[in-house]
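Novice: Numbering (this note's numbering), first residue to last: 42 to 379. All residues carry an ideal CB built from backbone N, CA and C; glycine is no exception. Below is a structure I'd like to ask you about.
Structure below.
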């Protein structure tokens with residue numbers, strides 16, 4: 042039970058709101074035609090940075106959105122050691138700058154991803170990030186307040202079109218996930234799973250609480266569903282499920298007790314390798330944003346210092362300064378900044 046959710050904080054109406062299929066027609070159609078994971082949880086009951094670190098490292102070294110340099114080993118290191126080709130693609134800001142310049146050599150612009158997907162030269166493993174809403178001015182496509190979700194739908198559409206119409210589609214698994222749930226209500230309580238380390242102090246019997254569920258879709262010839270009878274996987278997943286898939290595919294060792302644990306499933310369990318379907322369904326194009334200019338009325342200064350919650354409400358702690366700090370850090374270490 043999630044009793045007391047609305048009594049615990051502010052922005053009640055926002056926290057129990059949701060978008061409809063008509064608002065994000067492409068992503069809704071993608072979910073109907075491929076596989077939705079309805080028990081994919083954030084890896085930690087925490088904010089953006091710890092969950093994004095989990096996606097690469099199988100653990101986190103912080104519980105807040107600090108920009109301190111990390112020394113955690115990641116799946117990128119495992120891939121490099123095994124000589125498995127891989128790249129990290131970013132739009133306006135490289136999140137991997139949290140590891141200083143360690144991954145500068147494999148970091149490329151989003152435009153490079155589109156070109157390589159088109160000509161079939163993508164590496165074996167790719168991570169793709171959207172345009173972060175650094176200024177909270179509505180110009181990002183990361184679905185973070187105050188970004189226009191239609192821009193996020195367009196980003197996903199372009200990524201899918203690039204890989205689905207590319208020459209490597211028959212062997213591609215596209216995982217669309219989100220770092221955390223944004224503060225929205227969910228009627229499904231998160232379970233506990235093997236603690237990756239002792240950073241998250243809420244440990245009971247060696248297990249720590251996961252975050253709330255995320256709207257994760259897997260698009261692949263191995264996850265094709267029926268639009269009239271959508272394909273759902275109800276296995277328990279979190280961000281380390283992506284790591285488990287990569288580790289299983291290329292015979293890599295687990296990074297932490299979390300991705301070594303049976304508490305969290307390998308994302309491969311959501312795939313059907315016996316009956317791949319490479320035909321690409323006709324999916325609707327995203328809606329066109331009604332307001333093409335930035336939403337500046339909420340910006341408190343030239344740096345966009347505005348108080349926003351981690352969800353869709355207009356109050357809470359600001360993340361703007363931390364994103365700006367990360368942007369400055371990226372420039373310092375030689376990353377191209379969009």
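Please state whether DSSP places residue 127 in a helix, a strand or coil.
Specialist: Correct three-state label for residue 127: strand.
Novice: Apart from the five residues just before and just after residue 317, which ones in its own chain have a Cβ nearer than 6 Å to its Cβ?
Specialist: 262 and 263.
Novice: Straight-line CA distance for residue 91 to residue 209?
Specialist: Spanning the two alpha carbons is a distance of roughly 32 Å.
Novice: Are the CB atoms of residue 215 and residue 201 within a distance shorter than 8 Å?
Specialist: Taking 8 Å as the Cβ cut-off, residue 201 and residue 215 qualify as a contacting pair.
Novice: Name the residue from 279, 61, 207 and 167 whose alpha carbon lies nearest to the alpha carbon of residue 161.
Specialist: Selected option, being the one with the closest Cα: 207.
Novice: Could you name the residues that DSSP lists as bridge partners for residue 270?
Specialist: 267, per the DSSP bridge assignment.
Novice: Looking at the unbroken beta strand (DSSP E) that takes in residue 98, where does it start and where does it end?
Specialist: From DSSP, residue 98 is part of no beta strand (DSSP E) but of the alpha helix (DSSP H) over 89-98.
Novice: Are the CB atoms of residue 144 and residue 129 nearer to each other than 8 Å?
Specialist: Yes; because the gap between Cβ atoms is below 8 Å, this pair is in contact.
Novice: With distances taken Cα to Cα, identify the nearest neighbour of residue 60 among 93, 220, 131 and 226.
Specialist: Among 93, 220, 131 and 226, the Cα nearest to that of residue 60 is on 226.
Novice: Who are residue 248's beta bridge partners in DSSP?
Specialist: DSSP lists 235 and 245 as partners of residue 248.
Novice: For the beta strand (DSSP E) containing residue 34, list its first residue and its last residue.
Specialist: Limits of the chain in this structure are 42 at one end and 379 at the other, which puts residue 34 out of reach.
Novice: Name the DSSP beta bridge partners of residue 169, please?
Specialist: Partner(s): 130.
Novice: Measure from the alpha carbon of residue 364 to the alpha carbon of each residue in 69, 109 and 301, then state which is nearest.
Specialist: Residue 109 is the option with its Cα nearest to residue 364.
Novice: To which residues of the same chain is residue 378 closer than 8 Å at the C-beta, ignoring the five residues directly before and after it?
Specialist: Taken in chain order, the residues that qualify are 133, 134, 368, 371 and 372.
Novice: Measure from the alpha carbon of residue 329 to the alpha carbon of each residue in 204, 321 and 193, then state which is nearest.
Specialist: It is 193 whose Cα lies nearest to the Cα of residue 329.
Novice: So, residue 94 versus residue 139, is the Cβ gap smaller than 8 Å?
Specialist: For residue 94 and residue 139, yes; Cβs fall inside 8 Å.
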